[in-house]
Structure formats: structure tokens, C-alpha cells
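Numbered continuously in full-length UniProt numbering, the sequence shown closes out at residue 133.
For glycine and all other residues, C-beta sits at the position ideal for the given N, C-alpha and C.
None of the values given here were measured: they were computed from a predicted structure.
One structure below.
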Amino acid sequence: SSAVNTRNDLTEIEKEVCLSTGKFEDFISEFLNRTFQMIDTLSTEMSDAVVVISKTNVEDHVTELALTSMMFGIVQQCSNKIFQMVREKITNFLAGSFFTPKVGKLVTGLVRAILKGRPEETLKYLLPQTCER
Numbered sequence: 001s002s003a004v005n006t007r008n009d010l011t012e013i014e015k016e017v018c019l020s021t022g023k024f025e026d027f028i029s030e031f032l033n034r035t036f037q038m039i040d041t042l043s044t045e046m047s048d049a050v051v052v053i054s055k056t057n058v059e060d061h062v063t064e065l066a067l068t069s070m071m072f073g074i075v076q077q078c079s080n081k082i083f084q085m086v087r088e089k090i091t092n093f094l095a096g097s098f099f100t101p102k103v104g105k106l107v108t109g110l111v112r113a114i115l116k117g118r119p120e121e122t123l124k125y126l127l128p129q130t131c132e133r
């Protein structure tokens, strides 16, 4: 964070923490980009499949739970600036997209995580957009 530049009363450990968390927003942005890439890839694999098995396997369920849990943990503890970036990236990814049932659960998990982590802020942001469509 920028506290290392604005405060002169930080201990060495606090300075180290500030410097190491300064890149957290970039890390979260890249995490989301890779998550969206994974969802796109899984969606393509599903649509290209000749035989589709509707039964959700254990791996899919574990992936969904892990993704939802990680995103909830991030949203619950991050700064407002990072939360706004996460919310906007997820919303932009969702806009105008159609998802197969398999990846739809992953996408639902992302939305569930931001709603559960910061319900009021997320609803104030998403509800007007949802009503417009």
C-alpha cells in the first residue's frame, strides 16, 4: 500500500507488509483474468463436445466451491478500491454472455461470492443494471 510513502512511524515489518501488498490489486486482476479464461475454455470444451454428460462430476463441484470460497475471502477482506475493480470485472464478463450449465455454476459462484461478501454495495450496483436489461 502507499502507507509506506505517507507515514514515517511504521516499523520495518509494517513497511514490508505495505510493500508486499502494494501489488495485490494487480494479483487479483490477473487472478480474475485467468478465471475468466478458464471459464471460456470450459465453455468452449462443452460446446465442442460430441457427447455431453449432464451429471456434474466431483471435480467440477470442487472447482466451483474453491472458486466461490476464494472470491468470497478476497471480497470480504479487500479494500473498497479492489472490491470495485472485482465487481466491475465480474459484471463486464457477465454482460452479454451466455454460459453453458457447466460453467454457469462457476459464474454463479463468482456472483454469489461478491453478493455474500458485500451484499449492499453489490445489490446497489447490480440491480439497476439488471432492471435495464
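Anticipated Cβ contact below 8 Å, residue i with residue j, distance rounded
i: Gly109; j: Gln76; result: About 15 Å separates the two Cβ atoms, so there is no contact after all.
Simplified DSSP assignment, three categories, for residue i
i: Val52; result: The pLDDT assigned to Val52 is 48, lower than 50, so where the model puts this residue is not dependable; a value taken from the coordinates is nonetheless given after this. In the structure shown, Val52 sits in coil (DSSP, three-state: anything other than H, G, I, E or B).
i: Ser79; result: coil
i: Gly73; result: helix
i: Gly104; result: helix
i: Asn33; result: helix
i: Lys124; result: helix
i: Ala113; result: helix
Top-ranked residue by Cα proximity to residue i, from the options
i: Asp60; options: Ser20, Phe31, Val107 and Cys18; result: Val107
i: Thr68; options: Tyr125, Val111 and Val4; result: Val111
i: Thr122; options: Ser97, Asn80, Glu132 and Phe98; result: Asn80
Assigned exposure category for residue i - 16 Cβ within 10 Å defines buried
i: Ala113; result: buried
i: Phe36; result: buried
i: Arg34; result: exposed
Contact check, residue i vs residue j, beta carbons under 8 Å
i: Ile28; j: Ile90; result: no
i: Leu42; j: Lys102; result: yes
Near the ligand SAM: residue i beta-carbon under 7 Å from a heavy atom
i: Leu19; result: By its list of ligands, the structure shown contains no ligand whatsoever, and the ligand SAM lies outside what it can speak to.
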